[in-house]
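Protein chains in written order, with our numbering: chain W, 2 to 115; chain S, -1 to 110. All C-beta atoms in this analysis are idealised placements derived from N, C-alpha and C, irrespective of residue type, glycine included. All values derive from a computational prediction rather than experimental measurement. Before any comments, here is the structure.
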Amino acid sequence: AQSVTQPDIHITVSEGASLELRCNYSYGATPYLFWYVQSPGQGLQLLLKYFSGDTLVQGIKGFEAEFKRSQSSFNLRKPSVHWSDAAEYFCAVGATNAGNMLTFGGGTRLMVKP
Amino acid sequence: DVKVTQSSRYLVKRTGEKVFLECVQDMDHENMFWYRQDPGLGLRLIYFSYDVKMKEKGDIPEGYSVSREKKERFSLILESASTNQTSMYLCASTGGWGDTQYFGPGTRLTVL
Chain W
2 AQSVTQPDIH ITVSEGASLE LRCNYSYGAT PYLFWYVQSP GQGLQLLLKY
52 FSGDTLVQGI KGFEAEFKRS QSSFNLRKPS VHWSDAAEYF CAVGATNAGN
102 MLTFGGGTRL MVKP
Chain S
-1 DVKVTQSSRY LVKRTGEKVF LECVQDMDHE NMFWYRQDPG LGLRLIYFSY
49 DVKMKEKGDI PEGYSVSREK KERFSLILES ASTNQTSMYL CASTGGWGDT
99 QYFGPGTRLT VL
C-alpha cells in the first residue's frame, strides 16, 4: 500500500521569502502525485500534479514541484511567498493499480509573517 | 468548471442520531469519494463509489455507510452518530483513471 509523509506540520515564512514544503511517498511503482491547497473554511484546490515526463511540474499561483524518484520525494516550492498563500497544503499519491484512489499526507500548515 | 456541492457547511447532531451528508457533482463523474479530515491526520478515505449502486470501503469505514442511487449523488450515512465522528467531511469526484479529484467545500459535523 502507498503512503505519504509530510514531515513539517507547521511552517512559518516571511512574506517575500522562498518556500519549500516537503513530501515523501512510499510506493513500489511509478506513482502519480498531487499537491492540493486548502484555505481556511474551504475545500481542497489542486495546485499541480505529476503523471510522467518532465519531473519539474508547474502549477497555479506560482507554485512548482519536482519529482525525484531516487529520493521518493515530491517537494513543493515557491520563490516568493505572498500573505494569501497562508493555508494548509496536502501532498497525495495515487497508485496505478488502485483506480482513482488517493492517499494523502497529514498536511503542512503554512503561516506567512508580514 | 467542475462543481461539487455538499448539503451543509455546518451540522450539529446528538449522539445516537442518524445523520445524512449529501454530495452532488455536476460533471458526470463515475467516481465519488467521502473523506474525513482531522488535524494532523490529513484526509482519510471512508468510502468510495465507482458507479451507481457500487461502493467500496476505504481505510476507515467503521460506523459509516453510503448510498449512490444516482450518478451525480453520493450520500454518507452515520447510522448512530458518536462523539468520535465529530470531524470535517469532504466529498470528491473524479472521472477517468488519473484524473484530478475535485472537492466540495466540506461539512463540519459536531456530535454532542
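Exposed or buried, what is residue i when buried is set at 16 or more other beta-carbons lying within 10 Å of its beta-carbon?
i, result
"S:Phe111", "Only positions -1 to 110 of chain S appear in this structure, which leaves residue 111 of chain S out of reach."
"S:Ile44", "buried"
"W:Leu57", "exposed"
"W:Thr13", "exposed"
"W:Ser86", "In the sequence as presented, Ser is not what sits at residue 86 of chain W; that position holds Asp. By the 10 Å Cβ count, W:Asp86 comes out buried."
"S:Trp32", "buried"
"S:Ser73", "buried"
"S:Ser85", "buried"
Would you tell me roughly how many angstroms separate the C-alpha atoms of residue i and residue j, rounded to the nearest one?
i, j, result
"S:Leu110", "W:Leu111", "31 Å"
"W:Gly106", "S:Lys68", "31 Å"
"S:Ser5", "S:Lys11", "15 Å"
"W:Phe75", "W:Ala88", "19 Å"
"S:Gln99", "S:Cys21", "14 Å"
"S:Ile58", "W:Phe91", "19 Å"
"S:Glu60", "S:Gln35", "15 Å"
"S:Ser65", "S:Asn29", "13 Å"
"W:Gln7", "S:Val50", "34 Å"
"S:Leu107", "S:Leu76", "11 Å"
"S:Cys144", "W:Val82", "Missing from the structure shown is residue 144 of chain S; chain S here goes from -1 to 110 and no further."
"W:Gln72", "W:Ala66", "14 Å"
"S:Tyr48", "S:Glu70", "11 Å"
Give every residue of the same chain whose Cβ lies closer than 6 Å to the Cβ of residue i, excluding the five residues on either side of it in the sequence, and list them in chain order.
i, result
"W:Thr31", "none"
"S:Glu54", "Phe46"
"W:Pro80", "Ser19"
"W:Tyr51", "Leu34, Val58 and Phe68"
"S:Glu15", "Ala79"
"W:His11", "Arg110"
"W:Asn25", "Thr6, Ser73 and Ser74"
Closer than 7 Å by C-beta to residue i: which residues in its own chain qualify, once you throw out the five before and the five after it? Chain order, please.
i, result
"S:Thr81", "Thr13 and Val109"
"S:Pro103", "Gln4 and Arg7"
"W:Gln46", "Tyr37 and Val38"
"W:Thr104", "Gln3, Ser4, Val5, Ala93 and Val94"
"S:His27", "Ser91, Thr92 and Gly93"
If we cut at 8 Å on Cβ distances, does residue i have a partner in chain W?
i, result
"S:Gln23", "no"
"S:Pro59", "no"
"S:Asp97", "yes"
"S:Leu9", "no"
"S:Thr84", "no"
"S:Thr92", "yes"
"S:Leu107", "no"
"S:Gly14", "no"
"S:Phe72", "no"
Taking 8 Å as the threshold (beta carbon to beta carbon), is residue i in contact with chain S?
i, result
"W:Val10", "Strictly speaking, residue 10 of chain W in this sequence is Ile, with Val absent from that position. True, the Cβ-Cβ gap to chain S drops below 8 Å."
"W:Ser63", "Reading the sequence as shown, one finds Gly at residue 63 of chain W and not Ser. No, because no Cβ of chain S sits closer than 8 Å to the Cβ of W:Gly63."
"W:Phe68", "no"
"W:Gly29", "no"
"W:Met112", "no"
"W:Asn25", "no"
Quick one: is residue i near chain C, going by C-beta distance under 8 Å?
i, result
"S:Tyr33", "Chain labels in this structure do not include chain C; the protein chains are W and S."
Residues within the stretch 40 to 66 of chain W neighbouring chain S, beta-carbon criterion of under 7 Å: Under the 7 Å Cβ criterion, the stretch 40 to 66 of chain W contributes Gln43, Gly44, Leu45, Leu47, Lys50 and Phe52.
Where the stretch 42 to 53 of chain S meets chain W: residues whose CB sits under 7 Å from a CB there: For the stretch 42 to 53 of chain S, residues whose beta-carbon sits nearer than 7 Å to a beta-carbon of chain W comprise Leu43, Phe46 and Tyr48.
Proximal residues, the stretch 75 to 86 of chain W versus chain S, C-beta separation under 9 Å: If the cut-off is 9 Å between Cβ atoms, the stretch 75 to 86 of chain W has nothing near chain S.
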